[in-house]
Amino acid sequence: MSLSRQDVEKIAELARLKLTDDEIADYTQTLSRILSLVEQMNAADTNDVEPMAHPQDTRLRFRDDAATAPDRRDALQAIAPKTEAGLYLVPKVVE
Amino acid sequence: MHTMSVAELSKALQEKQISSVELTQLYLDRITQQEELNAFITVNAEDAIAQAQAADTRRSKGDTTLFTGIPIAHKDIFCTKGMLTTCGSKMLANFVSPYDATVIERFNDSGAVTLGKTNMDEFAMGSSNETSYFNPVLNPWDRKAVPGGSSGGSAAAVAARLAPVATGTDTGGSIRQPAAFCGITGIKPSYGRVSRYGMIAFASSLDQGGPMTRSAEDAAMMLNVMCGFDPKDSTSLNEAVPDFTATLADPIDGMRIGLPKEYFGAGLNADVARVVDAVIEELKGLGAKLVEVELPNSTLAVPCYYVLAPAEASSNLSRFDGVRYGYRAQDYGDLADMYMKTRAEGFGTEVKRRIMTGTYALSAGYYDAYYLKAQKLRRLIADDFTRAFESCDAILGPTTPTTAFDLGSKTDDPVAMYLNDIYTIPANLAGLPGMSIPAGLGDDGRPVGVQLVGRYFDEARLLNIGHRFQQVTDWHNQIPLDQA
C-alpha cells in the first residue's frame, strides 16, 4: 500500500498535527513502508478467529458509582498552561 | 560497594557498615562522574539525601523492609509527585506530576530512595533511546553504541552501576531489549501483574512495568514490591502474588525448555546464536530437557504489533492537547489551530509517525483490514504459545537478533528499527512474562541477552531458571571496563 501526499495530509488532520511540507514528504514515504510491513499480516488466515483485545480476555472491572477521589482542583490546575477562576482557558469556540 | 546485590546492600545497611545517606551519596557521585552517558533526565540529588535520612531513621527504629535505604532509579514514564515526569518528550518537559504512580508509591512505602528519573525514548516509542527529546543515552559498554530502548536510561544506569536497580516498562521489548544490549537482567511480568496507574500510557493492552537489575535474584526482590492488585488500574488482575525469591534456588532438573525454531532462522546473527547455544549447554548441565516447539504465527508479530500499538497510542496520546497540562504552542488562532500546533511542536518525529499510523489503521474504511485483522492475528500468536506450553515449561531464545547497533545507524529507517523487537513482541501480544538475562559477548565485545518466556503468572519459574544459570556463570557480574 502506497500513500499519497493527500492521504498523509488527511491523516495529519484527523490526528490534529500541523505538519510542514518536509514532514509530509517524509511521512508519505515512511508511512507507506510501514503499511507494506503491516500488510504481511495478510499471509495469515484469520477467518473464524475471534479478535483478541486483552491478553487474559477478562472484562474490564467496574467500580461503584461513588466519589472516591479528593477534590484537588488547585493542585491539578497549577500545572495547566492557562486557567482563570478555576477554569481551563482555551481560544473562544462559540462567537 | 557499587557492585553489590540488593541483598548485600540491605545487609550492609542492617549491619551499619554504611548508612543510606552514604550509600545514596556514593551513587549520586557516580551519576555525576558518568554524566556523559546521559542516563538520567532528572537527578533527585537533594531530595534523595532527605529520603535516605528518613530511611536511616526508619531502620534505627527497626521498621525496615529489604529495600529500606536502597537507592533506585525510575524510568521517567512513572509519575513522581513533585518531581519532573517528562516521558522523554518536549510535550511534558515542564510536567511536575501532582501524584505518584502506584509503582512509585510501593517503592516509597518500602523505604527505597529515588536517585532520579532515567532517560527513555519519547513516550517509550523507540528501540535505541534516540527518540528522546533529552538526547540519546550512550551504551556504557561502548559509547558508539545505543543502549537499546525504550528503557535505555534505566539499562545504562544499572549496567554502569549508577544505581543498584531500576524500573522500566515494556510494550514490545522495552525492558528486555535494552537489558540485552547493556548486559543486565530485565523482566516484563505477565500483563496485569504490575499496576499501570500513573505509568504514562503508550499501548494500554501491551504496557507492563518491570525490574531492570544485575541479577535474577535482584529482579525477584523488586517484583515482590511491584506486583499486586491495584483498584486504581482497571486492568490490574487480582491474582495471588508468590514470594518470587522463595523458589529461586529450586533445582531445574527435568524442567522442559522449548526452543522455537522460528527464533533461530534467518536474521539471527551468528555471534548471538553462538551465545544462545552456550546457554542451552549450561541448562542441559543443570538437568533441563530441551524440546523443539513451534510458534508459526510469531513471524507475523511485528506487523501485527505495528497496527495495534500505534492504534492504541493514537488514542492514548489524544489527551495531549495543551489544555490541562504539558506544552502549549505560543502562537495560535482558534481552538483547532491550538491543538494542531501544540501537538506538532510538542511531539517528536517518531511519536507523530506512530500517531499517524494508528490514526490511519483506525480510520473509517480501514478498520477491518488493519485493526480487526491484527486483533485476530494476535489471538493466533497467543494460541501458538498455549500449544507450545503443552510440551514445555518455558521457552528460550535470543532476546535480539544482533548486539547493540551503532548510534545513528537506524534512525533513518523506521522499519529496520522496528524489526529489532522481532523476538520480544510476541510475549507482549500474548501477555506472557518474558525475561532477558546477560549470557555472553558478541564478536564486537557488546553484550548478548537470552530470553525466557513463561506461562501466564509463571514469572517465578523464569527467575528460577535465570538464577540457577547465574549461579554457574558470571555474565551478570561483568561490567564495562571503565566502571570496574
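One line per chain: the protein sequences are U and L, in this order. 67 is the number that our numbering gives to position 76 of the first sequence; each next residue is one higher, with no gaps. Counting from 1 along the second sequence, just add 211 to a position and that's the residue number in our numbering. Glycine is no exception: its CB is placed at the ideal position from the N, C-alpha and C atoms. Nothing here was measured: the structure is a model prediction, and the numbers come from that model.
| request: With distances taken Cα to Cα, identify the nearest neighbour of residue 626 (chain L) among U:36, U:68, U:20. | output: U:20
| message | Taking the straight line between their C-alpha atoms, what separation do you get for residue 658 (chain L) and residue 352 (chain L)? | response | 8 angstroms
| field | Identity of the residue in L:471, L:385, L:276, L:589 nearest residue 433 (chain L) by Cα | value | L:276
| query | How many Å lie between residue 367 (chain L) and residue 384 (chain L) at the Cα? | reply | 16 angstroms
| request: Since I believe residue 406 (chain L) is in contact with residue 454 (chain L) (beta carbons under 8 angstroms), could you give me their beta-carbon distance rounded to a whole number of angstroms? | output: Incorrect: roughly 19 angstroms between the Cβ atoms, too far for contact.
| task | Have a look at L:569, L:279, L:647, L:430 and flag the residue whose alpha-carbon is nearest the alpha-carbon of residue 524 (chain L). | result | L:569
| message | Rounded to whole angstroms, what is the Cα-Cα separation between residue 63 (chain U) and residue 257 (chain L)? | response | 27 angstroms
| said: Quick check: the Cα distance between residue 621 (chain L) and residue 272 (chain L), rounded to an integer number of angstroms? | reply: 53 angstroms
| task | Go ahead and pull the three-state DSSP assignment for residue 213 (chain L). | result | coil
| Using 8 angstroms as the Cβ pair cut-off and three pairs as the minimum, do the stretch 412 to 424 of chain L and the stretch 535 to 547 of chain L touch? | no
| request: Since I believe residue 511 (chain L) is in contact with residue 42 (chain U) (beta carbons under 8 angstroms), could you give me their beta-carbon distance rounded to a whole number of angstroms? | output: Not confirmed; about 15 angstroms, so no contact.
| Looking at residue 260 (chain L) and residue 217 (chain L), is the spacing between their C-beta atoms short of 8 angstroms? | no
| query | Which class does residue 25 (chain U) belong to by DSSP, given the choice of helix, strand or coil? | reply | helix
| task | Give the residues of chain U in contact with residue 408 (chain L), contact being defined as C-beta atoms less than 8 angstroms apart. | result | Neighbours of residue 408 (chain L) on chain U: none; closest Cβ ~12 angstroms, over 8 angstroms.
| field | Proximity test, Cβ basis, 8 angstroms: residue 47 (chain U) and chain L | value | yes
| query | Name the chain U residues whose beta carbon is nearer than 7 angstroms to that of residue 307 (chain L)? | reply | 70
| task | Tell whether a beta-carbon distance below 8 angstroms holds between residue 508 (chain L) and residue 591 (chain L). | result | yes
| said: My parser needs the alpha helix (DSSP H) runs of 4 or more residues fully inside the stretch 573 to 660 of chain L; what are they? | reply: 584 to 599, 625 to 629, 636 to 641
| Counting Cβ pairs, one atom from each stretch, are 3 or more of them under 8 angstroms apart for the stretch 317 to 334 of chain L and the stretch 346 to 365 of chain L? | yes
| query | Anyone know if the C-beta pair for residue 648 (chain L) and residue 680 (chain L) falls short of 8 angstroms? | reply | yes
| query | If you drop the 5 nearest sequence neighbours on each side, which residues of the same chain put their C-beta closer than 6 angstroms to that of residue 522 (chain L)? | reply | 569, 572, 573, 582
| field | C-beta contact flag for residue 487 (chain L) and residue 608 (chain L) at 8 angstroms | value | yes
| message | What would DSSP say about residue 254 (chain L), mapped onto helix, strand or coil? | response | strand
| task | Measure the alpha-carbon distance for residue 444 (chain L) versus residue 514 (chain L) and round it to whole angstroms. | result | 28 angstroms
| query | If you measure beta-carbon to beta-carbon, which residues of the stretch 636 to 653 of chain L are closer than 7 angstroms to chain U? | reply | 641, 642
| residue 423 (chain L): first and last residue of the uninterrupted beta strand (DSSP E) it sits in | 419 to 424
| query | Relative to the alpha-carbon of residue 336 (chain L), which residue among L:391, L:602, L:412, L:552 has its alpha-carbon at the smallest distance? | reply | L:412
| Contact check, residue 401 (chain L) vs residue 643 (chain L), beta carbons under 8 angstroms | yes
| said: Can you pull out the residues from the stretch 574 to 593 of chain L whose beta carbon lies closer than 7 angstroms to at least one beta carbon of chain U? | reply: 574, 581, 583, 584, 585, 586, 587, 588, 589, 590, 591, 593
| request: Determine the extent of the alpha helix (DSSP H) in which residue 243 (chain L) is found, giving its start and end residues. | output: 231 to 244
| task | Please list the partners that residue 67 (chain U) has in chain L, where partner means a Cβ-to-Cβ separation under 7 angstroms. | result | 309
| Within 7 angstroms of chain U by C-beta, residues of the stretch 551 to 577 of chain L in sequence order | 551, 552, 554, 555, 563, 564, 566, 567, 568, 570, 571, 574
| Which residues of chain U have a Cβ atom closer than 8 angstroms to the Cβ of residue 517 (chain L), listed in chain order? | 25, 28, 29
| Simplified DSSP state of residue 692 (chain L), which is helix, strand or coil | helix
| field | Rounded Cβ spacing between residue 519 (chain L) and residue 585 (chain L) (contact assumed at less than 8 angstroms) | value | 5 angstroms
| Is it the case that the Cβ atoms of residue 506 (chain L) and residue 624 (chain L) are separated by a distance below 8 angstroms? | no
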